[in-house]
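Enquirer:
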Amino acid sequence: MAKITLEIDDKNIDTVMTILSNLKMGLIKNMSSDKTKEQKPLPSSTSKYLSKTAYKEKLNKKR
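When we follow numbering that gives the first Met the number 0, the leftmost residue of the sequence shown carries the number 0, and every step to the right adds one.
As structure tokens, this is what we get:
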């Protein structure tokens, strides 16, 4: 199994970890960092945009 080591500024670690954790499922077997906790990937959705009804519900929840 291949390993990749990255050196990242502390201010950018959260951004890089988010990008790596949202890659295609199964590409990364293990991910760790000495600065932050391991982040869970965001649930993938089938659409980039919310439907009209879902958007209205989201707006109503904020009120």
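Cβ coordinates follow ideal geometry from the N, Cα and C atoms, glycine included.
The model shown is predicted, which means the values in this text are computed figures rather than measured ones.
DSSP state of Glu56, grouped into three classes?
Expert: It is helical.
Enquirer: Measuring alpha carbon to alpha carbon, tell me which of Tyr48, Leu58 and Ser31 ends up nearest Thr13.
Expert: This sequence places Asp at residue 13; Thr is not what is there. That would be Ser31, whose Cα lies nearest to the Cα of Asp13.
Enquirer: Would you decide whether Met16 is buried or exposed? Buried here means 16 or more other CB atoms lie within 10 Å of its CB.
Expert: Flag for Met16 reads buried.
Enquirer: Do the CB positions of Lys70 and Leu49 come within less than 8 Å of each other?
Expert: The question about residue 70 has no answer, for the chain in this structure spans 0 to 62.
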